Amino acid sequence: MSAYSPLSTATQSSRGSPWGMSSLNLLSPLSGVLSPLSPKLSPSKAYTSLAEPLIDLGRGVFWHCSAEVSADGRLQPSELQVLAGQVARFSEKHAYLEASKGQVAEVLQGSSPSGAVRVLFPEAMAELDNCIWDGDGHFDMTTYLSGPPTLGQIVSFLHMVDSSAEQARVTLHLSSGGRRNTGAVLAGAVLVLARGKSAEAAWAQIVCGGQPPSADPKTAWDRFPRPFVKEGVDTTASSLTVLDCLSGLEAARNLNWMADYKTFDVDSWRLLRQKFDATWIIPNEILAMGHPWTTAQNPRFPGLLDCCEPSQKPSGRPVLMRANLDSATEIGNSLDSPSGSSPSMPRSRAPSGASLNSMDNDLIDLPDVENPEFELVGLESDKQRALPLPALFERYVSESEVANRPAYLAPEAVETEILEAGDVDVPDSSNYVEYLHRKDVGTVMRLNHTFECPEECESTAKFREFGLTYEEFPFNDGDVPSKQLARNFVTTCRKAVQESGKGVAVHCMAGLGRTGVMVGTYAVTRYSINGKAFHGWCRLCRPGSVQTGRQEVFLRHLKPPSNLIHKVLSAGQMAMRKVSSMGSVVSASSSCTVSL
Numbered sequence: 001m002s003a004y005s006p007l008s009t010a011t012q013s014s015r016g017s018p019w020g021m022s023s024l025n026l027l028s029p030l031s032g033v034l035s036p037l038s039p040k041l042s043p044s045k046a047y048t049s050l051a052e053p054l055i056d057l058g059r060g061v062f063w064h065c066s067a068e069v070s071a072d073g074r075l076q077p078s079e080l081q082v083l084a085g086q087v088a089r090f091s092e093k094h095a096y097l098e099a100s101k102g103q104v105a106e107v108l109q110g111s112s113p114s115g116a117v118r119v120l121f122p123e124a125m126a127e128l129d130n131c132i133w134d135g136d137g138h139f140d141m142t143t144y145l146s147g148p149p150t151l152g153q154i155v156s157f158l159h160m161v162d163s164s165a166e167q168a169r170v171t172l173h174l175s176s177g178g179r180r181n182t183g184a185v186l187a188g189a190v191l192v193l194a195r196g197k198s199a200e201a202a203w204a205q206i207v208c209g210g211q212p213p214s215a216d217p218k219t220a221w222d223r224f225p226r227p228f229v230k231e232g233v234d235t236t237a238s239s240l241t242v243l244d245c246l247s248g249l250e251a252a253r254n255l256n257w258m259a260d261y262k263t264f265d266v267d268s269w270r271l272l273r274q275k276f277d278a279t280w281i282i283p284n285e286i287l288a289m290g291h292p293w294t295t296a297q298n299p300r301f302p303g304l305l306d307c308c309e310p311s312q313k314p315s316g317r318p319v320l321m322r323a324n325l326d327s328a329t330e331i332g333n334s335l336d337s338p339s340g341s342s343p344s345m346p347r348s349r350a351p352s353g354a355s356l357n358s359m360d361n362d363l364i365d366l367p368d369v370e371n372p373e374f375e376l377v378g379l380e381s382d383k384q385r386a387l388p389l390p391a392l393f394e395r396y397v398s399e400s401e402v403a404n405r406p407a408y409l410a411p412e413a414v415e416t417e418i419l420e421a422g423d424v425d426v427p428d429s430s431n432y433v434e435y436l437h438r439k440d441v442g443t444v445m446r447l448n449h450t451f452e453c454p455e456e457c458e459s460t461a462k463f464r465e466f467g468l469t470y471e472e473f474p475f476n477d478g479d480v481p482s483k484q485l486a487r488n489f490v491t492t493c494r495k496a497v498q499e500s501g502k503g504v505a506v507h508c509m510a511g512l513g514r515t516g517v518m519v520g521t522y523a524v525t526r527y528s529i530n531g532k533a534f535h536g537w538c539r540l541c542r543p544g545s546v547q548t549g550r551q552e553v554f555l556r557h558l559k560p561p562s563n564l565i566h567k568v569l570s571a572g573q574m575a576m577r578k579v580s581s582m583g584s585v586v587s588a589s590s591s592c593t594v595s596l
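According to full-length UniProt numbering, the sequence shown is numbered sequentially starting from 1.
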């Protein structure tokens with residue numbers, strides 16, 4: 001990828017303050033218009049049915065998606081009256097809602113705000129950046145198809161829903177037909193994170209309330225294109241789906257990666273991405289990041305690779321039990337707390353009987369990338385057959401694909417309102433080494449080849465100088481790891497996390513493709529998360545992750561060891577420990593001399 005180039009001030013100003021909550025106007029979002037950063041949408045994916053039923057999200061919150069919703073959130077008169085009537089009928093069944101058809105119609109027309117009804121149209125709200133990933137100042141996303149909403153946008157939307165529910169009897173979440181998949185993720189997030197439902201139950205409710213997606217993956221509305229693709233590229237059977245996103249959120253909730261969205265600090269999550277191009281995929285365990293040397297070229301945050309003298313080596317925070325902090329603390333409350341330590345939070349939950357001690361990394365069901373059938377095998381739960389990958393996958397990403405990738409960007413205008421928001425405490429002198437030490441990261445794993453970054457030795461030397469272990473597991477850009485490389489990576493992660501009690505930072509060049517795939521192999525092994533669910537979590541938590549079709553297929557085929565295998569392995573290890581213990585006793589007794 002190319003060096004940083006400035007992003008125009010005009011483009012920056014068009015975004016407004018995407019994360020500032022002070023400008024939120026729940027009463028009249030329909031007056032907003034989409035910014036120039038609007039995503040390019042495939043006409044074939046637009047939903048064309050009229051008068052689609054309301055989907056009840058609970059506690060007076062409803063979702064409605066229709067082709068009749070314009071880009072600025074306005075409805076055609078006929079659709080408006082039908083929708084107003086549906087809301088009124090719900091109100092009749094539930095007396096506490098108390099919203100008349102006339103009140104709803106006035107609000108939808110934008111003519112008369114009502115305290116009884118609030119409308120949210122996320123895709124036209126600057127507070128949510130129109131539900132489009134803006135590249136976090138590292139990438140120019142203006143010419144690429146939009147993906148799912150980011151984790152920060154989802155959490156911000158949930159806060160809006162909660163705030164609206166406290167002030168109004170009815171909250172109506174609107175989505176246009178062209179962005180139905182985005183609206184479905186947001187609606188599903190309400191059901192999964194705010195209502196405690198499973199991903200499957202949430203998805204069933206969404207589909208039952210509207211039109212099921214097409215069986216053709218090219219036109220199915222529930223799929224998202226790969227990151228950094230332009231108009232004309234079809235989705236496939238390996239593309240990310242709405243259900244994958246909801247499954248990822250459910251797994252994050254159950255594993256304490258994000259146990260409570262109400263305590264998740266979006267500003268800190270975003271600042272970590274803006275400054276270090278980094279994201280805690282697994283809190284306190286795995287930090288995914290872009291190449292440190294490339295990220296350090298961003299003039300907005302100078303001195304990221306500047307380090308103090310070895311004699312002044314940062315002492316780090318007090319060593320706590322590994323995985324003892326919730327993501328709301330690690331990702332959210334601050335990049336670094338003023339005291340240098342973090343409050344205790346519930347630890348991440350590994351599946352019962354599946355601790356690192358009892359899991360052999362050979363048991364993970366890795367796709368056989370050398371087998372020609374790998375390219376044609378159907379996905380685990382997809383009814384339709386996966387589209388074949390190119391017969392001869394290029395070992396290196398083609399020049400045309402590289403040329404079409406977004407250039408790194410560094411905004412000339414610093415968004416000071418973001419840097420000053422919330423309780424974020426990032427000292428001006430904070431650099432990579434200081435941050436990694438404070439967060440108790442002991443190992444850095446590099447996945448790119450040295451020839452991809454001639455300045456590789458500079459960042460590597462600085463990390464090693466200050467006591468960070470540097471491991472290398474290189475493979476080609478856009479490709480997937482061999483089975484042996486993946487197993488070695490998982491083994492090294494396991495030792496770093498369990499034996500040293502420290503976290504692991506992983507990077508390739510952008511920290512998106514190869515990094516997402518390799519972190520996925522560890523997550524599936526460590527937490528028994530389904531590969532598709534991790535695909536969803538990774539795309540939400542670190543937008544842009546998993547970049548090629550081959551990487552998608554590999555990640556989605558990852559299957560955790562079965563409970564039966566875990567039980568057999570645990571029993572076998574227990575027997576081995578007993579045999580070993582007996583051997584030591586026998587050996588000791590045989591060396592004793594008994595006096596008669």
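Note that CB positions come from ideal geometry on N, CA and C, so glycine has one too. In this text, all values refer to a predicted model and were calculated from it rather than measured experimentally.
Residue i, buried or exposed, once every other Cβ within 10 Å from all chains shown has been counted against 16
i, result
"Lys495", "exposed"
"Arg180", "buried"
"Glu68", "buried"
"Ala202", "buried"
"Asp222", "buried"
"Glu250", "buried"
"Phe451", "exposed"
"Asp216", "exposed"
"Thr171", "buried"
"Ala461", "exposed"
"Thr525", "buried"
"Gly232", "exposed"
"Ala204", "exposed"
"Pro560", "buried"
Close Cβ partners of residue i (< 7 Å) along its chain, the five nearest in sequence each way excluded
i, result
"Cys541", "Leu151, Thr279, Ile281"
"Glu455", "Trp293"
"Gln547", "Arg226, Pro227, Phe228, Gly478, Leu512, Gly513"
For residue i, the residue or residues it bridges with in DSSP
i, result
"Val433", "Note: Val433 sits in no beta bridge, so no partner."
"Gly58", "Val61"
"Met289", "Ala278, His507"
"Tyr470", "Val444"
"Leu174", "His64"
"Thr241", "Arg223"
"Arg118", "Thr171"
"Val480", "DSSP, once it has assigned bridges, lists no residue as partnering Val480."
Residue i versus residue j - alpha carbon distance
i, j, result
"Lys502", "Gly178", "45 Å"
"Asp162", "Gly183", "17 Å"
"Leu145", "Trp133", "10 Å"
"Lys230", "Glu465", "42 Å"
"Ala165", "Val117", "9 Å"
"Thr235", "Thr219", "7 Å"
"Pro149", "Met509", "23 Å"
"Arg169", "Ser545", "39 Å"
"Gln211", "Ile529", "29 Å"
"Val480", "Glu285", "22 Å"
"Cys457", "Gly511", "18 Å"
"Gly58", "Lys262", "18 Å"
"Asn448", "Gln153", "30 Å"
"Asp267", "Asn476", "34 Å"
"Cys453", "Ser500", "29 Å"
"Pro543", "Ala187", "19 Å"
Residue j beta carbon less than 9 Å from that of residue i
i, j, result
"Asp277", "Met289", "yes"
"Ser156", "Glu127", "yes"
"Gln274", "Asp129", "no"
"Leu174", "Leu120", "yes"
"Gly549", "Cys538", "no"
"Phe228", "Phe139", "yes"
"Leu287", "Val506", "yes"
"Glu200", "Leu158", "no"
Proximal residues to residue i (C-beta, below 6 Å), its chain only, five neighbours per side dropped
i, result
"Gln86", "Leu54"
"Val553", "Ser238"
"Phe463", "Val444, Tyr470"
"Ala252", "Met258, Trp537"
Neighbourhood of residue i by C-beta distance below 8 Å, restricted to the same chain and skipping five residues each side
i, result
"Ser459", "His291, Pro292, Trp293, Ala296, Leu305, Tyr432"
beta-carbon residue i near the ligand ZN non-hydrogen atom, thresh 8 Å
i, result
"Gly442", "Only the bare structure without any ligand can be found here, which leaves the ligand ZN out of the picture."
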